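Per the numbering used here, the sequence shown runs over residues 1 to 199. The structure under discussion appears below in the form of structure tokens.
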Amino acid sequence: MAFELPNLPYAHDALANHGMSAETLEYHHDLHHKAYVDNGNKLIAGTEWEAETLENIIKGTYDAQSVAQNGIFNNASQHWNHIQFWEMMGPSKSGIPPELETLINESFGSMDAFKEAFSAAGAGQFGSGWCWLVKDADGSLKVTKTENGVNPLCFGQTALLGCDVWEHSYYIDFRNKRPAYLSNFLENLVNWENVASRL
Ligand code: MN3
């Protein structure tokens, strides 16, 4: 199916008081995400992937040996990643639903320990990529990091929370301070109700 750029689930300036400016979202959603959509559509046109769902394209084109060369995978996965990313943030500071909080406490010891692991994964991703809270096939929660557009679908995991650590996601608001961006993301931007709905 042709890729389509979804509207942001909030206004471009809705997160400005939460550490993500309208300018960042104008560049990140309107230009960067749109480029993945446009390039992906050009690449799948006339191929076996044209009629497939986005998830099937990602799973079907992921090859750990050739991610760098695989344009269809890269654009499809980045399209999917950004759809999730916009939904995982929001302007209303929601508390953490009890079911999710219990699972995080059981898996990481405490909310603070989870946040530390998530931030360390994001800060430690060398170059472009993402850090994630995932539910593994056995039901356990884990923190992971992935390079470029690689995402939890590639490993049969459910993405509960993901943070984009490509420079385009933070350079306007945080310059080179990726750890400060990650800390702000966890404290001020995450829509925990959306995260819990993915369980
Ligand atoms: Mn991005």
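No residue lacks a Cβ here, since even glycine has one placed at the ideal position from N, Cα and C. These numbers were taken from a predicted model, which means no experiment stands behind them.
{"Check": "Residue environment, Asn7, which counts as buried when at least 16 other CB atoms sit within 10 Å", "Outcome": "exposed"}
{"Check": "Same chain only: Cβ atoms within 6 Å of Asn184, ignoring 5 sequence neighbours per side", "Outcome": "Gly19"}
{"Check": "DSSP bridge partner residues for Gly129 (one or two, in chain order)", "Outcome": "Glu147"}
{"Check": "Reduced DSSP secondary structure (H/G/I, E/B, other) of Asp164", "Outcome": "strand"}
{"Check": "Cβ separation of Glu187 and Ser94, assumed to be a contact under 8 Å, to the nearest whole Å", "Outcome": "With a Cβ gap of about 13 Å, Glu187 and Ser94 do not count as contacting."}
{"Check": "For Ala159: DSSP bridge partner residues", "Outcome": "Val134"}
{"Check": "Whole-number beta carbon distance between Asn56 and Trp130, since they are thought to touch under 8 Å", "Outcome": "Actually they are not in contact, since the Cβ atoms of Trp130 and Asn56 sit about 20 Å apart, beyond 8 Å."}
{"Check": "Leu31 beta carbon less than 9 Å from that of Gly71", "Outcome": "no"}
{"Check": "Check: Phe174 C-beta below 8 Å from any heavy atom of the ligand MN3", "Outcome": "no"}
{"Check": "Sub-9 Å separation of His33 and Leu5 beta-carbons", "Outcome": "yes"}
{"Check": "Proximity test, Trp166 beta-carbon vs the ligand MN3 heavy atom, cut-off 8 Å", "Outcome": "yes"}
{"Check": "Beta-carbon proximity list for Lys177, same chain, < 8 Å, skipping 5 on both sides", "Outcome": "Tyr170"}
{"Check": "Check: His201 C-beta below 8 Å from any heavy atom of the ligand MN3", "Outcome": "The structure shown does not extend to residue 201, since the chain is modelled only from 1 to 199, so the question has no answer here."}
{"Check": "Gln125 Cβ short of 8 Å to the ligand MN3 heavy atom set", "Outcome": "no"}
{"Check": "For Val200: DSSP bridge partner residues", "Outcome": "A question about residue 200 goes unanswered here, because the residues of the chain that appear run from 1 up to 199."}
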